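Take a look at the structure set out below.
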Amino acid sequence: MKTKSIQSNPQKFDSFIDKIKISVDYTDSTWNSKSQDLELIKNSLHNLQTVNQVPSNLFWLHNKDCLSLMKKIPNNSIDLILTDVPFGVNFKWNYCDSPSYVFSVYNDWLKGMFESLKDWAHCYIFVPTLELDKWISAAKLVWFTLKNILSTRSYTSNCFIPNNFKFDTQLILFLSKWKAKDLNKVNWVRTSQSWFNDKRNTNPNPFTFSYPSFIDVFANKKANRVSKNIHWNEKNVLFCEILIKLSSNPWDIVFDPFVWSGTTAIAAIKQNRNYIATDNNKDNYKLAKQNIKNLKN
Ligand SMILES: C[S@@+](CC[C@H](N)C(=O)[O-])C[C@H]1O[C@@H](n2cnc3c(N)ncnc32)[C@H](O)[C@@H]1O
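So this note's numbering is basically just the index in the sequence shown, starting at one, shifted up by 194.
Spelled out as structure tokens, the structure:
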């Protein structure tokens, strides 16, 4: 009840949040439970505000064009976007993935994503290496801030390409709406021994904590994929869970406009986040639906 009355008065709500912020003792160099509790209270109050703003029938998986879905999502309401865009390469030679299609609409997609995000929220976009320049320019054009380019080991590239190196990393744009909020402190699970032993990545001070931009999660093609027969572009759930933990809080809303097998939605569910996801391809949507159902059973 108390929460509700604060919510209904935006000015009171903001000053309440400020008071909480002030009472968090940031001078303590160790992460103490008191400040964590206060952060949780602050976040859950914020979430309550957003969750009320977004029609509840949107919290689910949709079989819609992402642009038509984005029109229904109120501006400044999404806590995190985590998505793997259609690559615009002719691997799949279907309409949805053709370069002419992708590059005729990608400016609108990015604009919709930017508007739906809350200020300072993060946005991760898996992008094709050879189209990296296009995606960066288009993201900056709609005012996204480019914070970094992350990479992870990729197992989607089995083909031999003459006169080239292999495409064995997956690049991910790490963007934010305006200035980025801080990354959360999470227990970093490094499965690769070389990263684990790298002293540069083990700074225990949460206020100077810096994560590696190369994120290596299980080095096995099948590990952490949600489908029985993984498709050529299926992403790793554990990897998505790490990004979700770093950039959102429990009950936040995670949005994926291009969900295919449901990877990001499943990662969101596993991390107790709300999610909104869509895929305009009926078969892909059905696969996501099945994978989510399997998870819940
Ligand atoms: C690269 S795949 C996503 C793969 C996914 N991350 C996974 O792990 O399975 C891109 C998806 O975007 C979908 N797509 C293409 N255009 C779309 C649009 N306008 N709206 C919604 N989905 C779209 C495609 O059907 C495809 O499933």
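Where is the CB? At the ideal position from N, CA and C, for every residue including glycine. Only a predicted model underlies this, so the values are computations on that prediction, with no experimental measurement involved.
Q.
Assuming Phe297 is part of the alpha helix (DSSP H), what are its boundary residues?
A. Here residue 297 is taken as the residue at index 103 of the sequence shown, counted from 1. Per DSSP, the unbroken alpha helix (DSSP H) holding Phe297 starts and ends at Pro293 to Ser310.
Q. For Trp337, which residues of its own chain have a beta-carbon under 7 Å away from its beta-carbon, when the five flanking residues on both sides are left out?
A. For the purposes of this step, residue 337 is taken as the residue at position 143 of the sequence shown. Excluding positions up to five away in sequence, the list reads Phe308.
Q) Do three or more CB pairs link the stretch 356-368 to the stretch 300-314 at distances below 8 Å? A) At 8 Å Cβ cutoff, the stretches do not touch.
Q. What are the boundary residues of the alpha helix (DSSP H) that includes Lys439?
A. For this step, residue 439 is matched to residue 245 along the sequence shown. Val431 to Ser441 is the span of the alpha helix (DSSP H), which, as asked, contains Lys439.
Q: Name the two residues that bound the continuous beta strand (DSSP E) containing Ser370.
A: Indexing the sequence shown from 1 puts residue 370 at position 176. Segment Thr363 to Lys371, the beta strand (DSSP E) holding Ser370.
Q) With DSSP run on the structure shown, which of helix, strand or coil describes Lys422? A) In the sequence shown, counting from the first residue as 1, residue 422 sits at position 228. Here Lys422 sits in coil by DSSP.
Q. Would you say the stretch 416-432 touches the stretch 247-266, given that touching needs at least three Cβ pairs under 8 Å?
A. Too few Cβ pairs lie closer than 8 Å, so no.
(Q) With a threshold of 8 Å, are at least 3 pairs of Cβ atoms found where one atom belongs to the stretch 477-484 and the other to the stretch 442-457? (A) Judged by Cβ distances under 8 Å, the stretch 477-484 makes contact with the stretch 442-457, as three or more pairs qualify.
Q.
Assuming contact is defined by CB atoms lying nearer than 8 Å, are Trp329 and Ile343 in contact in what I supplied?
A. Within the sequence shown, the letter at position 135 stands for residue 329. Within the sequence shown, the letter at position 149 stands for residue 343. For Trp329 and Ile343, no; Cβs fall outside 8 Å.
**Q.** Reduced DSSP category for Leu263 - H, G, I as helix; E, B as strand; rest coil
**A.** As a first step, residue 263 must be located in the sequence shown, where it is residue number 69. If DSSP states are grouped into helix, strand and coil, Leu263 belongs with the helices.
Q) The beta strand (DSSP E) spanning Lys341 covers which residue range? A) The residue given as residue 341 occupies position 147 in the sequence shown. Taken as a continuous stretch (DSSP letters only), the beta strand (DSSP E) holding Lys341 covers Phe338 to Arg347.
Q: Run the proximity test for Pro280: is its beta-carbon closer than 7 Å to any non-hydrogen atom belonging to ligand 1?
A: Position 86 of the sequence shown, counting from 1, holds the residue named residue 280. With a cutoff of 7 Å, Pro280 counts as near ligand 1, since its C-beta is closer than that to a heavy atom of the ligand.
Q) What residue range is occupied by the uninterrupted beta strand (DSSP E) comprising Asn468? A) Numbered from its first residue, the sequence shown carries residue 468 at position 274. Run containing Asn468: Asn468 to Thr472, per the beta strand (DSSP E) assignment.
**Q.** heavy atom of ligand 1 below 7 Å from Phe452 C-beta
**A.** On the sequence shown, position 258 is the one that residue 452 refers to. Distances taken from the Cβ of Phe452 to the heavy atoms of ligand 1 include one shorter than 7 Å.
Q.
Less than 7 Å separating the Cβ of Asn474 from some heavy atom of ligand 1?
A. As a first step, residue 474 must be located in the sequence shown, where it is residue number 280. At least one heavy atom of ligand 1 is found less than 7 Å from the C-beta of Asn474.
Q. By Cβ distance below 7 Å, which residues in the same chain neighbour Asp302 in space, the five residues on each side in sequence not counted?
A. If you number the sequence shown from 1, residue 302 lands on position 108. Setting aside the 5 residues that flank it on each side, Asp302 is surrounded in the same chain by Leu261, each with a C-beta closer than 7 Å to its C-beta; the list follows chain order.
Q. Can you name the start and end residues of the alpha helix (DSSP H) that Asp450 belongs to?
A. In the sequence shown, residue 450 corresponds to position 256, counting from 1. Looking at the DSSP string, Asp450 is not in any alpha helix (DSSP H); the run it does join, the beta strand (DSSP E), is Ile447 to Asp450.
Q) Mapping DSSP to helix, strand and coil, what is Val321? A) Numbered from its first residue, the sequence shown carries residue 321 at position 127. Val321: strand per DSSP, three-state reduction.
Q: Answer with yes or no whether the minimum CB distance from Asn488 to chain D is below 8 Å.
A: Given the protein chain composition of this structure (a single chain), no chain D is represented.
Q: Identify whether Ala462 lies in helix, strand or coil by the three-state DSSP scheme.
A: Walking along the sequence shown from the start, residue 462 turns up at place 268. Ala462 falls in the helix class under three-state DSSP.
Q: From the DSSP output, in three-state form, read off Ala417 for me.
A: Within the sequence shown, numbered from 1, the residue matching residue 417 stands at position 223. Ala417: coil per DSSP, three-state reduction.
**Q.** Exposed unless 16 or more other CB atoms sit within 10 angstroms - verdict on Phe359
**A.** Along the sequence shown, one-based indexing puts residue 359 at 165. So Phe359 counts as exposed.
Q. Can the beta-carbon of Asp446 be found closer than 8 Å to that of Arg467?
A. The count along the sequence shown starts at 1 and reaches residue 446 at position 252. The count along the sequence shown starts at 1 and reaches residue 467 at position 273. Remark: C-beta atoms of Asp446 and Arg467 approach each other more closely than 8 Å.
**Q.** Ala332 in three-state terms, based on DSSP
**A.** Against the sequence shown, residue 332 aligns to sequence position 138. It is helical.
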